[in-house]
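Here's the structure we're looking at; comments come further down.
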Amino acid sequence: NSSKGDSFLVPGATLATIVMLGALHARRLYGDKKLEEARENGIEIEFQPDVKATFLRLLPLRSISRFWGFLASMELPIWIRPYVYRSWARAFHSNLEEAAKPLDKYASLREFFVRTLKDGSRPIDSDPCCLISPVDGTILRFGELKGAGSMIEQVKGFSYSVSSLLGASPFLPVIAEEDIQQDSEGQEIIPRHENKKSWWRISLASPKVRDPAPASLTTGLFYCVIYLKPGDYHRIHSPVDWNVLVRRHFSGRLFPLNERAARTIRNLYVENERIVLEGRWQEGFMAIAAIGATTIGSIELFIEPELWTNQTRKNLLHSEPPEERVYEPEAVGVMLKKGDEVAAFNMG
Amino acid sequence: STVILIFQAPISKSLEDDSASSEFRFCIKRGDRIHVGEALGR
Chain A
1048 NSSKGDSFLV PGATLATIVM LGALHARRLY GDKKLEEARE NGIEIEFQPD
1098 VKATFLRLLP LRSISRFWGF LASMELPIWI RPYVYRSWAR AFHSNLEEAA
1148 KPLDKYASLR EFFVRTLKDG SRPIDSDPCC LISPVDGTIL RFGELKGAGS
1198 MIEQVKGFSY SVSSLLGASP FLPVIAEEDI QQDSEGQEII PRHENKKSWW
1248 RISLASPKVR DPAPASLTTG LFYCVIYLKP GDYHRIHSPV DWNVLVRRHF
1298 SGRLFPLNER AARTIRNLYV ENERIVLEGR WQEGFMAIAA IGATTIGSIE
1348 LFIEPELWTN QTRKNLLHSE PPEERVYEPE AVGVMLKKGD EVAAFNMG
Chain B
603 STVILIFQAP ISKSLEDDSA SSEFRFCIKR GDRIHVGEAL GR
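Chains A and B are the protein sequences, given in the same order. Under our numbering, the first residue of the first sequence carries the number 1048, and numbering increases by one thereafter. Under our numbering, the first residue of the second sequence carries the number 603, and numbering increases by one thereafter.
Next comes the structure, spelled out in structure tokens:
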């Protein structure tokens, strides 16, 4: 505050920090634009591990995540809430028109982040033959899984197996090489074998689960990877009518999940903390893996509200097998209808 | 955050029947923005 008047001066260090942050943000925007242009031109992003990714492994990401969650859950004064949430929406392209409540009713950024939407904001495709998107987001990858390994490509040049993502699943169809046959056009197809042991890994936990579909049908195993940006609606809905039989919780790391991370961190989706729900729908196997990140580290499961994720005590236990729960009644589990809310991603 | 969906579905051709009426097809493209409730495939 100068003695001559009431003009305010920004201290040099603050100014330097603002300029630095601005430059970093501009660089990031430039990088994102370049990636988008490359994608539009059909250029595949390739896996390129770098020093920054290695450095990330040394950071206490869980502590950072939990501290961010603590900050985000602080109650804001009512008058400031609309300004904060509008700024968030402007920065991350959220549609505030869809929020179920007036902005000043959300006590904290955490509460605002996991907001519900007005009725009718997300009409559910009623076609009984369709499988709907469980989340708002961007389609990163999708396709059919083929071959014994059943690998999902993270980016060009690096893949991970379905079994490492889901864990030791009793229901996952095991596609053995000898099961794959070719049709008249040379396309690989997988016939059903009701009595073939290689088709199901029989579980002691759920020995009654069997494939009820007619033996004449031929099925494939498909996947779809959807990335949720910070401004997206962060609740997960049921993609079809199905029975959830098992829940698995992997307490892994909490790397960021953005495009850069996918390009530079090996096994990103397999190493991060995640919840896997497995079960059956009318066509067979169904699984949803909800994967947490640094800022959005915890996953709330509405069918099991007592489940806690992103816990400090699990910081060092990411190499341990996942915690598993078989839903009762056995072989029926929890029935979900298409469009039902299943889970939500929370800040921190 | 990321969600990965893995599911079994009929594929275009069976060994016994040439009919493609029950095949599953995605109706999305990579990079598409999608909302809850919109079809991923049929």
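C-beta: ideal position from N, C-alpha, C; glycine also. Bear in mind that the values here come from a model prediction, so they are computed numbers and not experimental data.
Chain-ordered chain B contacts of residue i [CB-CB under 7 Å]
i	result
R1169 (chain A)	H637, V638, G639
F1392 (chain A)	S603
L1396 (chain A)	With chain A represented from 1048 up to 1395, any question about residue 1396 (chain A) goes unanswered, as that position is not in the structure.
Y1270 (chain A)	I606, L607, I608
Per-residue DSSP class, three states only, for residue i
i	result
K1384 (chain A)	coil
A1063 (chain A)	helix
L643 (chain B)	Before going on, a small fix: residue 643 (chain B) reads as Gly here, not Leu. DSSP places G643 (chain B) in strand when its eight states are reduced to three.
H1140 (chain A)	coil
A1085 (chain A)	helix
S1134 (chain A)	helix
H1284 (chain A)	strand
V1293 (chain A)	strand
W1115 (chain A)	helix
P1129 (chain A)	helix
T604 (chain B)	strand
Contact set between residue i and chain B, taken where Cβ atoms lie within less than 9 Å
i	result
H1281 (chain A)	S603
E1093 (chain A)	None at all; the shortest Cβ gap to chain B is about 15 Å.
A1336 (chain A)	T604, V605, I606, L607, I608
R1086 (chain A)	R632, G633
V1131 (chain A)	Within chain B, no residue comes near V1131 (chain A); the closest Cβ sits about 21 Å away, beyond 9 Å.
H1284 (chain A)	V638, G639
Test: residue i CB closer than 9 Å to a CB of chain B
i	result
G1267 (chain A)	yes
A1340 (chain A)	yes
K1384 (chain A)	no
M1333 (chain A)	yes
F1139 (chain A)	no
V1287 (chain A)	yes
V1209 (chain A)	yes
D1190 (chain A)	At residue 1190 (chain A) the sequence reads Gly, which differs from the Asp that was named. Interface residue, yes.
W1135 (chain A)	no
Under 8 Å by beta carbon: chain B residues contacting residue i
i	result
T1185 (chain A)	G633, D634, R635, I636
E1145 (chain A)	In chain order: nothing, as chain B lies at least about 10 Å away.
Best match in the options for proximity to residue i [C-alpha to C-alpha]
i	options	result
S1197 (chain A)	A:Y1207, A:F1189, A:K1203	A:Y1207
R1294 (chain A)	A:G1059, A:E1353, A:A1308	A:E1353
R1327 (chain A)	B:F628, B:G643, B:K631, B:Q610	B:Q610
L607 (chain B)	A:R1321, A:A1073, A:G1299	A:R1321
### Task
Taking 8 Å as the threshold, find out whether the region 1108 to 1124 of chain A comes into contact with the region 1145 to 1161 of chain A through three or more Cβ pairs.
Three or more beta-carbon pairs separated by less than 8 Å link the region 1108 to 1124 of chain A to the region 1145 to 1161 of chain A, which places the two stretches in contact.
### Message
With three or more beta-carbon pairs closer than 8 Å as the criterion, would you say the region 1371 to 1381 of chain A touches the region 1333 to 1341 of chain A?
### Response
They do not touch, by the three-pair rule.
### Task
Check whether the region 1270 to 1278 of chain A touches the region 1170 to 1177 of chain A, taking contact to mean three or more Cβ pairs, one atom from each stretch, closer than 8 Å.
Here the region 1270 to 1278 of chain A makes no contact with the region 1170 to 1177 of chain A; the two share fewer than three CB pairs at distances below 8 Å.
### Message
When you compare the region 1303 to 1322 of chain A with the region 1074 to 1093 of chain A, are there three or more beta-carbon pairs, one atom per stretch, that lie closer than 8 Å?
### Response
The way I'd put it, the region 1303 to 1322 of chain A does touch the region 1074 to 1093 of chain A; three or more beta-carbon pairs between them come closer than 8 Å.
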